[in-house]
Amino acid sequence: MLIKKAEYVISSPNVTLCPKGNLFEYAFIGRSNVGKSSLINMLTGYRNLAKTSQMPGKTILINHFLINDSWYLVDLPGYGYAKRGKKEQEKLTRMIEDYVLQREQMINLFVLVDSRHEPQKIDLEFMEWLGENEIPFSIIFTKADKLSGGKASGNVQHYLSILKKNWEELPPYFLTSSESRLGREEVLGYIEQINKQLKESLEADTEE
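Counting in this note's numbering, the sequence shown runs from 1455 upward without gaps.
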């Protein structure tokens, strides 16, 4: 997929204020400091589209970016930031759950996982919740450039082996690096493929 245009549209405090219309949406979420903003900038090719920060937990709204005037990339707040107060954390959790469960335009949720770390309970529980609610999702393993040799791939296989204990079928997954642009074509190609299939399906329904 060639991204010719990517622009910020709106930041919404809840799902009811998200953009109207029926454009497809692909949302990105993960624990705080997983590299979400850097990944979004790498995928779109716009260095400052999503605001990056050394301080985790900066995204507290639902951020919509319009890509090629045809679909939305959605930046969701990170979860599991320990320094947030209990009320603020509960508010963000409710915001995330409302978007994921209610937003009919959302086609796929990309769950970001730091490839350097052992599987975290909070990520596994979140994926389990997605499965229970039949939410389509994929996993993006980030920061592959921080590991040497085949360490990143080995960590991914270890992670998948943990998932296999509870999942009959594993979700699609991608290994990425915002520094080297590893995985960019694969992730964008995946989105492009889904968009094409959905549009063909809608056209076929219209013809009937």
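Idealized CB from N, CA, C, for every residue including glycine.
Element boundaries [beta strand (DSSP E), containing residue i]
{"i": "residue 1527", "result": "1525 to 1529"}
{"i": "residue 1483", "result": "1478 to 1484"}
Where residue i falls: helix, strand or coil (DSSP)
{"i": "residue 1641", "result": "helix"}
{"i": "residue 1497", "result": "helix"}
{"i": "residue 1465", "result": "strand"}
{"i": "residue 1649", "result": "helix"}
{"i": "residue 1471", "result": "helix"}
{"i": "residue 1521", "result": "strand"}
{"i": "residue 1504", "result": "coil"}
{"i": "residue 1550", "result": "helix"}
Whole-number beta carbon distance between residue j and residue i, since they are thought to touch under 8 Å
{"i": "residue 1567", "j": "residue 1596", "result": "7 Å"}
{"i": "residue 1559", "j": "residue 1468", "result": "Not quite, the Cβ-Cβ distance comes to about 15 Å (not below 8 Å), so this is no contact."}
{"i": "residue 1601", "j": "residue 1570", "result": "6 Å"}
{"i": "residue 1641", "j": "residue 1497", "result": "6 Å"}
Neighbourhood of residue i by C-beta distance below 8 Å, restricted to the same chain and skipping five residues each side
{"i": "residue 1493", "result": "1482, 1566, 1594, 1596, 1630, 1632"}
{"i": "residue 1495", "result": "1501, 1502, 1503, 1504, 1506, 1632"}
Contact set for residue i: own chain, Cβ-Cβ below 7 Å, skip 5 residues either direction
{"i": "residue 1514", "result": "1531, 1546"}
Beta-carbon contacts of residue i that lie in its chain and below 6 Å, excluding the five residues immediately before and after
{"i": "residue 1637", "result": "1628, 1629, 1630"}
Exercise. Which runs of the alpha helix (DSSP H) spanning at least 4 residues fall entirely within the region 1558 to 1636, listed in chain order?
Worked result: 1575 to 1586, 1605 to 1617
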